[in-house]
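Protein chains: 2
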Amino acid sequence: MSTTRRVGRPRAQKRPESGLQPREEVLAAAAELFTTHGYTATTTRAVAERAGLRQASMYHYFGGKEAILAALLEGTVRPSLEIAQELVSRTEAAAEARLWALCHSDVMLLCSGPHNLGALYLLPEVQAERFTDFHRFRRELKASYGELLTATEPGAALGAEDLALRTDLLFGLTESVILIRRTGPDRDPQALAPATADAALRVAGVTEHALTRLRREGGRLLATQQG
Amino acid sequence: MSTTRRVGRPRAQKRPESGLQPREEVLAAAAELFTTHGYTATTTRAVAERAGLRQASMYHYFGGKEAILAALLEGTVRPSLEIAQELVSRTEAAAEARLWALCHSDVMLLCSGPHNLGALYLLPEVQAERFTDFHRFRRELKASYGELLTATEPGAALGAEDLALRTDLLFGLTESVILIRRTGPDRDPQALAPATADAALRVAGVTEHALTRLRREGGRLLATQQG
């Protein structure tokens, strides 16, 4: 496979230059190897070597390759779920603005880090029992999109089936940055995130006229959340 | 891996019950194994066995595992590209209606067949040189979305950077059915395709008011294309 990097030789026990704790060092090494070399083709030994740890030390942090993958996958949804839960509760703001803010920060998370971890969602291995937490977090995150959509003015007028379809599409649009990032790794997340959030409001049925105001309100929500 | 099927024992030379030609038999077997068992974990021997062929006979049709994957990937974009090229040329119809028709038929293609082949897009192996035809077809398909978007009324008002971003999002929205299908394999494509095409027009900036008419015109375009 001409595009994948070769797994490096064993390194010194520590990589002090990264400033990472050993657990994070393992996750960073696995993120690189799983996305460039492939999950199936990567051994726990290769991950340990890349992380500069002995295999036995790595098992102190993770029970095995599946546990590492589970931690990486959960890291792509759990922070967004926390933001989503806060946004759902901030009922003083327009639901449309909260949906904009959720989509924006979800895109930023999916585009964060040097490796496109969302690409791992489609591994056949990820269907397994071991990944129930990831699937539950992701389901709950999608449900938050649905809850915010239902609270929007156009969403309130939709029937149950239309709501379910529209929620799938909103969530799909957000996650499609995984595919976009794969094709164009140089796309700037700072441009992609607001554009995706705008598109999400359009899919929700918000008019161009209302969009300008709601986008501004969504930006303010983000600012107060991050602050 | 608890969720993957075991590769069957060697079968009789032919599987007359499927009614498929040997080449298609190989593709069907590989589609199943690559999406359920994983690409890396699947050997050409396993594909040949599942297809009911001797390995040597399989090599008569495909040079190896990469060639089989390339054929499967190209099959997910080439038919849509042909439809796209026809739609781009049908300038007597509204660009919005043509975009609706393209998105609809692209979703139907991505949801066709028993296996979610789009899941293979994100394999690290697919970055390789061997898959340039697939990447070229997919790039040309996305360019057709961009061309139709530019010809729409709201698209004509966009600057180059906004057009590029909006095209990425339109194409991403369409391809997100790969992620939607993975999470909810029972989603009916007959409902998902028009809902996605509607969402695409909303992302393009079409108003709810105009959507009803354009959706109808898009449906007519599809009917005359399929006829």
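As given, the protein sequences belong to chains A and B, one line each in that order. Anchor point for the first sequence: position 69 equals 69 in the UniProt record's numbering, and the numbering is continuous, going up by one each time. Anchor point for the second sequence: position 111 equals 111 in the UniProt record's numbering, and the numbering is continuous, going up by one each time. The beta carbon of each residue, even a glycine, is placed where N, CA and C say it ideally should be. Quantities reported herein were computed from a predicted structural model and do not represent experimental measurements.
- By the C-beta density criterion, Glu96/A is buried, having at least 16 other C-beta atoms within 10 angstroms.
- At least one beta carbon of chain A lies nearer than 8 Å to the beta carbon of Gly205/B.
- In terms of Cα proximity to Leu123/A, the closest of His209/B, Val206/B, Ala41/B is Ala41/B.
- About 12 Å separates the beta carbons of Val206/A and Leu170/A, which is beyond the 8 Å limit, so they are not a contact pair.
- When secondary structure is reduced to three states using DSSP, Ala200/A falls in the helix class.
- Across the structure, Leu192/B and Leu20/B are spaced so that their CA atoms are roughly 29 Å apart.
- By the C-beta criterion, the segment 96-106 of chain A is judged to be in contact with the segment 216-225 of chain A, since at least 3 inter-stretch pairs fall below 8 Å.
- Within the same chain, and ignoring the five residues on either side of Leu109/B in sequence, the residues whose Cβ sits closer than 6 Å to its Cβ are Pro79, Ser80.
- Beta-carbon to beta-carbon, Leu120/B and Leu69/B are separated by about 7 Å, close enough to satisfy the 8 Å threshold.
- When the beta-carbon positions are compared, Tyr61/B and Arg23/B come within less than 8 Å of each other.
- Cα atoms of Gln190/A and Glu86/B: separation of roughly 36 Å, rounded to the nearest angstrom.
- Around the beta-carbon of Gly52/B, 16 or more other beta-carbon atoms lie within 10 Å, marking it buried.
- Put simply, the CB of Ser176/B is near chain A, with a gap under 8 Å to one of its CB atoms.
- For Arg215/A, no chain B residue has a Cβ inside 9 Å of its Cβ, as the nearest lies near 14 Å away.
- Taking a beta-carbon distance threshold of 8 Å, Asp168/B counts as an interface residue toward chain A.
- Among the residues of chain B, those whose CB is under 7 Å from the CB of Ile180/A are Asp168, Gly172, following chain order.
- Here Leu158/A really is in contact with Arg166/A; their C-beta atoms are around 6 Å apart, less than 8 Å.
- Taking the Cα positions, Leu141/B is about 10 Å away from His135/B.
- Taking 8 Å as the cut-off, the beta carbon of Leu222/B is found no closer than this to the beta carbon of Leu214/B.
- With its beta carbon less than 8 Å from one in chain B, Ala195/A belongs to the interface.
- Counted as a single uninterrupted DSSP element, the alpha helix (DSSP H) harbouring Tyr145/A occupies residues 132-151.
- The Cβ-Cβ distance between Ser176/B and Glu161/A does not fall below 8 Å.
- Of all alpha-carbon atoms in Val88/B, Thr35/B, Glu153/B, Glu25/B, the one lying nearest the alpha-carbon of Met58/B is that of Glu25/B.
- Where Asp168/A is concerned, the enclosing alpha helix (DSSP H) starts and stops at 160-175.
- Of the other Cβ atoms in all chains shown, fewer than 16 fall within 10 Å of the Cβ of His209/A; this residue is therefore exposed.
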